[in-house]
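Anchor point for the sequence shown: position 127 equals 127 in full-length UniProt numbering, and the numbering is continuous, going up by one each time.
Idealized CB from N, CA, C, for every residue including glycine.
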Amino acid sequence: MSSMRNAVTRRPHRERAQPQSRSKWGLLEKHKDYSLRAADYNKKKEKLAILTTKVRDRHPDEFAYGMINKKQGQHGKGGTENRLGHDAVRLLRTQDAGYLRTVAAKGRKEMRKVKEELGSASAKEGRKIVFVDESPAGSPRGKKRSSTGDVLEQVEINEVVYPQLPDLDSDEPIEDMALDENAPKAKPKTKKQLEQEQAAAASLRAARKKRRKLQEVRSNKLEMLQKRQKEILAAADQLELQRAKMAKTVGGVNKNGVKFKVRERKR
C-alpha cells in the first residue's frame, strides 16, 4: 500500500509565501513563529522588571569588597599588560604634535594662495581687499598723539590705489565716461550692429556672473580654511599642554578644582 502511495506523484509541499510587495521579509510568519517570539519578549520583559526592582531597592550605603578595585566607574583589574608606558605615550604625542604643525603649515600655504587669487581678481576690477591678519603687528598707522590729545606726528600710509574702473558687478551696459559735444552725431545703427552689441552685452553679463560666482567660491574656501586652521592650532596647543603636564613642567587643576603649579621659580 505504501509503495502505491509513493508511486503517485504528490504535490510538493510549499510554505505560504509573502505577497509580492513583502517578499523581502521572507516566508510568511505562522503561529508557532509568533509564539516563540512572544515568549522570548515576555522573558526579557520579566528580567528587566527584576533588574529595575533591584536598582530601585538598592541601599545607597551598600558595600562590597569588589568596589575597592573600581575607579571612575571602570574596574582596575586586567588590561594592564597591554598599556603603553609613560615615555611611549609622550613620544606618540610628540609625533602627533609634529603632524599638526605640518598640517598647519600646509593650511597657511593654501590660505596665502587663496588670498592672492582674491586680491588679483579684485585688482582687475579696480578694487582692493586688505586682510587684517596680513598687516604686521606694531606697524605705525594713523596719528601719533600725546597724553593731552595733541597731534605729534602724522604717519603716512603708502597704499596702492587702483584706477577707478566701471563697476563690473552691475548688469547695466558700460557707457562712455566723457562725450565730446562738438563730435558729429553717430549714424543710426543697423540691425546687424544692434544684434552684435546685444550679443556682446550678453557675453559680458555671463562673464561677470561667472566671475562673481568664482569670487564667492574663493571667499567660502578661505573662510573654511581659516576655521580649520583655528581648530588645528587649538588642537596643537592642547597637545602641547598635555605633553608639558606629562613632563611636569606646568601646573594643572586637580579633581577638587584646585589649581597647582610645579617647578615654580624660587623667590
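Taking 8 Å as the cut-off, the beta carbon of Ala-236 is found closer than this to the beta carbon of Leu-100. If you ignore the 5 residues before and after Val-114, its C-beta comes within less than 7 Å of the C-beta of Arg-218, Lys-221, Leu-222, Leu-225, all in its own chain and listed in chain order. The Cβ atoms of Leu-239 and Ala-104 lie no closer than 8 Å to each other. Looking at the backbone, the Cα of Lys-245 and that of Lys-106 are separated by about 28 Å. Per DSSP, the unbroken alpha helix (DSSP H) holding Ala-39 starts and ends at 31 to 56. Taking a contact as a CB-CB distance under 8 Å, the pair Arg-90 and Arg-228 does not count as one, their CB atoms being some 27 Å apart. Per DSSP, reduced to three states, the secondary structure at Val-89 is helical. Bounds of any alpha helix (DSSP H) do not take in Val-8, whose DSSP letter is neither H nor E. Secondary structure of Lys-248 (DSSP, three-state): coil.
Across the structure, Leu-51 and Lys-248 are spaced so that their CA atoms are roughly 46 Å apart.
One Cα belongs to Ala-199, the other to Arg-205, and the distance between them is close to 10 Å. Gln-196 and Met-111 have their alpha carbons spaced roughly 42 Å apart. When secondary structure is reduced to three states using DSSP, Lys-189 falls in the coil class, being assigned neither helix nor strand.
Per DSSP, reduced to three states, the secondary structure at Val-258 is coil, with no helix or strand assignment.
Taking 8 Å as the cut-off, the beta carbon of Leu-27 is found closer than this to the beta carbon of Gln-18. Rounded to whole angstroms, the Cβ separation of Val-250 and Lys-259 is 11 Å, and the two are not in contact under 8 Å. The shortest CA-to-CA distance from Glu-231 to any of Ser-120, Lys-47, Arg-108 is the one to Arg-108.
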